[in-house]
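Order-wise, the sequence lines are chains C and R.
First residue of the first sequence: 86, per my numbering; consecutive thereafter.
First residue of the second sequence: 86, per my numbering; consecutive thereafter.
All C-beta atoms, glycine included, are put in the ideal place defined by N, C-alpha and C.
Bear in mind the structure is a predicted one, so any value in this text is a computation, not a measurement.
The structure appears below as structure tokens.
Number of protein chains: 2
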Amino acid sequence: MSVLTIRRPAGRTILRVERGLIGRAGPLIAALGAGPRVEIVTDSTVGRHYAPRMISSMRRAGLRFGMTVLAPGERSKSLKSAARLYDRWARAGADRTTLVVALGGGVVGDLAGFAAATYARGLPWIIFPTTLLAQADASVGGKVAVNLEQGKNLIGAYHHPRAVFSDPEALATLSDRAYRSGLAEVAKMGMVSRPAILASLARLLREGRLRDAAAILPLIRACAREKARIVARDERDRGVRRLLNFGHTVGHALEAAEGYGRYTHGEAVAVGMAAALRMSVLEAGLDPVSAAEAEFLLSRLGLPTRLRKSPGKRFWDALARDKKRGRAALRMVLSPAIGEAKVFELPSLTTLRRVIESLVRSG
Amino acid sequence: MSVLTIRRPAGRTILRVERGLIGRAGPLIAALGAGPRVEIVTDSTVGRHYAPRMISSMRRAGLRFGMTVLAPGERSKSLKSAARLYDRWARAGADRTTLVVALGGGVVGDLAGFAAATYARGLPWIIFPTTLLAQADASVGGKVAVNLEQGKNLIGAYHHPRAVFSDPEALATLSDRAYRSGLAEVAKMGMVSRPAILASLARLLREGRLRDAAAILPLIRACAREKARIVARDERDRGVRRLLNFGHTVGHALEAAEGYGRYTHGEAVAVGMAAALRMSVLEAGLDPVSAAEAEFLLSRLGLPTRLRKSPGKRFWDALARDKKRGRAALRMVLSPAIGEAKVFELPSLTTLRRVIESLVRSG
């Protein structure tokens, strides 16, 4: 018997949150030492608003580029779309020196990143995230994926972008609903790790500046940096990164039970956080006043924290399938105090059933 | 600006070359600490011969397993086959604790490894390679892939198996042609790195023991270990691993020009090595007698070292597309002395054209 040991050099992702980054794409890419060949991936909504300024900048920097424009929405996050990117890139003669540039939200980032991870065993890529959810959360951490019929993000990889360039000006065209969905993940980071974020959210609410790019920028930066700190300690979800699933056990089950139509991801997570906060009071010793305040903040952000009716069998089935569950009846991230989180293994679903009912009754 | 740095723990692959390993699959898997859920991937030819003994052993070890049987041949190495595996695994409730077990040659290993690399962002996997090519070469090094219409292995990843269990008894049912194809890669390892392998091949030839499992075992082990040593220094083909492409520049172009039908991979590489040996005499100072001896050894192994006719435009186009080419007119691995190799950047194709013609004329 012999053993092959593979050591990989550490990966580095540059994180920048600044206004106007999209319009400086050309020099930013040149500064990475990448190119001269670039393949842009975007969707038609984002592309209409932001591709022109990106392209002008690339032209001025002398970059040669191709561009693939996807239909907006979750349905583009498929193996079929990945195959479409492969096909285009192969026709364009892409090789390992080609830089993939994702311009868009979570769907575009996940798909472009997955195709980049698997084309020629890995193309370098960067992302200009254009939703609050992607800037504050999804673009950091290297998770890329496409959906299968049997499950969201079931096919994927860890493939860290060389850089995440978050331009808060791109948030101007986001719908209020999509924006609020991003606020849910911002609030989550406050609850599990950085309570100052919750205080900042409350202040921006009071000042009516939640959608002010200059005002939200420091919060995006705080979330991205905190996530980077956590991911650096646990890329593969074996330890501390799991704490970022606060609100996601119930959230994922709600999304799955409702067929991913009724709730945005952030909305489902908001309801999930309300459940997790109440569970935390009952099972983790969280002070009930803090829990109520945090729940109230979510609702003031315009996020749902109640259920219209008792979730049915599909919800409980989805919960049982959740891959974060492990061998206990329920494995769930709870918060002993705001700003802290821990994985709890619960022997039964009894408490969760009560909590879920409380979210319906108090609605 | 901040920077996210990802450090990954070193990967470990256990390499064992021993007779009877397939029939001990159950305890071998149990000893890895894997399971209890296993998904076997094989093809109908290999499966017929070797799956029963593997399955019995797994049953005795109390493992639960599913099995997917592919059609034999390169056409199974597709995104469509990968999607079929995803579908089956999802239905079976596979998660990150499920171990994928590949039983077969290069096609099965590449496909199962690719599907394992991408399902749930990476399932652990092991391989029982059943061809000489896979045991001596392809199963070591973590390269997994599927083919696109536009190119072989265009979609892939680096995903090292936890273990490579090479059982030389599985070579008994291999056709002579497939066996010789594997000998080409064995000879290649001798030429670029371990000349003792060439001496051993010559001895087994004299003794008529080339297909004797006990006799070939030490050669498989030597090749696998040498490859592991090289891959440990350069997983991603940036340096020393490129030397393993000796004979492959011309070999790949021949395969592509002939539509992957006329030559097996090993046969194409054998012709490519003949070309590379002659190039080495002209461009790298290789002693002509050593080159002739090495070329003669290939032909005594039953491998082609001549071209029936001058290759046409498709060959030269494919050569120009070869991704190992870089910016020189031709980038090619040559051997200054048997057992050594180096990447040469050649400013023109002139010498190669002469060498290719010499392989036709002297045929």
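Ranking C:367, C:271 and C:261 by CA distance to the CA of residue 330 of chain C puts C:271 first.
With respect to residue 213 of chain C, residue 241 of chain C sits apart: the two C-beta atoms are not nearer than 9 Å. Nearest to residue 163 of chain R by C-alpha distance, out of R:193, R:276, R:335 and R:435, is R:193.
Linking residue 273 of chain C to residue 403 of chain C through their CA atoms gives a straight-line distance of about 22 Å. Residue contact with chain R for residue 251 of chain C: absent (no Cβ-Cβ distance below 9 Å to any residue of chain R). In the three-state scheme derived from DSSP, where H, G and I count as helix and E and B as strand, residue 142 of chain R is classed as helix. Any Cβ of chain C closer than 9 Å to the Cβ of residue 91 of chain R would place that residue at the interface, and such an atom is present. Note on geometry: alpha-carbon atoms of residue 133 of chain R and residue 189 of chain R lie some 11 Å from one another.
Residue 111 of chain R counts as buried, since no fewer than 16 other beta carbons sit within 10 angstroms of its beta carbon. With respect to chain R, the C-beta atom of residue 228 of chain C has a partner C-beta closer than 9 Å. Put simply, the CB of residue 86 of chain R is near chain C, with a gap under 9 Å to one of its CB atoms.
Using beta-carbon distances, residue 245 of chain R counts as an interface residue toward chain C, with a partner under 9 Å. Taking a Cβ-Cβ cut-off of 9 Å, the neighbours of residue 96 of chain R in chain C comprise 89, 90, 91, 92 and 93, given in sequence order. Within the region 203-218 of chain R, the residues whose Cβ lies closer than 9 Å to some Cβ of chain C are 203, 204, 205, 206 and 207, listed in chain order. Contact between residue 386 of chain R and residue 268 of chain R holds: CB atoms are separated by about 5 Å, below the 8 Å threshold. At a Cβ-Cβ threshold of 9 Å, residue 195 of chain R and residue 168 of chain R do not count as neighbours. Annotation for residue 128 of chain R: no alpha helix (DSSP H) segment contains it, though the beta strand (DSSP E) segment containing it runs 122-128.
Assigned with DSSP and collapsed to three states, residue 423 of chain R falls in coil, not helix or strand.
Going by C-alpha positions, residue 91 of chain R is about 19 Å away from residue 319 of chain R. Inclusion of residue 434 of chain C and residue 391 of chain C in the CB contact set at 9 Å is not warranted, their separation being larger than that value. Annotation for residue 95 of chain R: no alpha helix (DSSP H) segment contains it, and DSSP assigns it neither H nor E. With contacts defined by Cβ atoms closer than 9 Å, residue 418 of chain C and residue 328 of chain C form a contacting pair. Taking 4 residues as the minimum length, the alpha helix (DSSP H) runs contained wholly in the region 290-328 of chain C are 298-318, in order along the chain. Three or more beta-carbon pairs separated by less than 8 Å are not found between the region 167-184 of chain C and the region 88-105 of chain C, which leaves the two stretches without contact.
With a cutoff of 9 Å on beta-carbon distance, residue 353 of chain C and residue 337 of chain C are scored as near each other. Pairing residue 203 of chain R with residue 243 of chain R gives a Cβ-Cβ distance that is not under 9 Å. At least one CB of chain R lies nearer than 9 Å to the CB of residue 316 of chain C. Residue pairing for residue 189 of chain C: DSSP places it in a beta bridge opposite C:214.
Within 9 Å of the CB of residue 151 of chain R, no CB atom of chain C is found; the nearest one sits about 15 Å away. With a threshold of 9 Å between beta carbons, residue 404 of chain C makes no contact with chain R. Secondary structure in the region 234-262 of chain C: the beta strand (DSSP E) runs of 3 residues or longer, each lying completely within the stretch, are 236-243 and 248-251 in chain order. Within chain C, the residues whose beta carbon sits less than 9 Å from that of residue 99 of chain R are 86, 87, 88 and 89, listed in sequence order. Each residue's CA atom was taken as its position, placing residue 230 of chain C and residue 245 of chain C some 12 Å apart. Your pair residue 106 of chain C and residue 297 of chain C does not check out as a contact, with CB atoms roughly 18 Å apart and the cut at 8 Å. Excluding five sequence positions before and after residue 144 of chain C, the CB atoms of its chain that fall closer than 8 Å to its own CB belong to 111, given in chain order. When DSSP reads this structure, residue 153 of chain C sits in a beta bridge with C:126.
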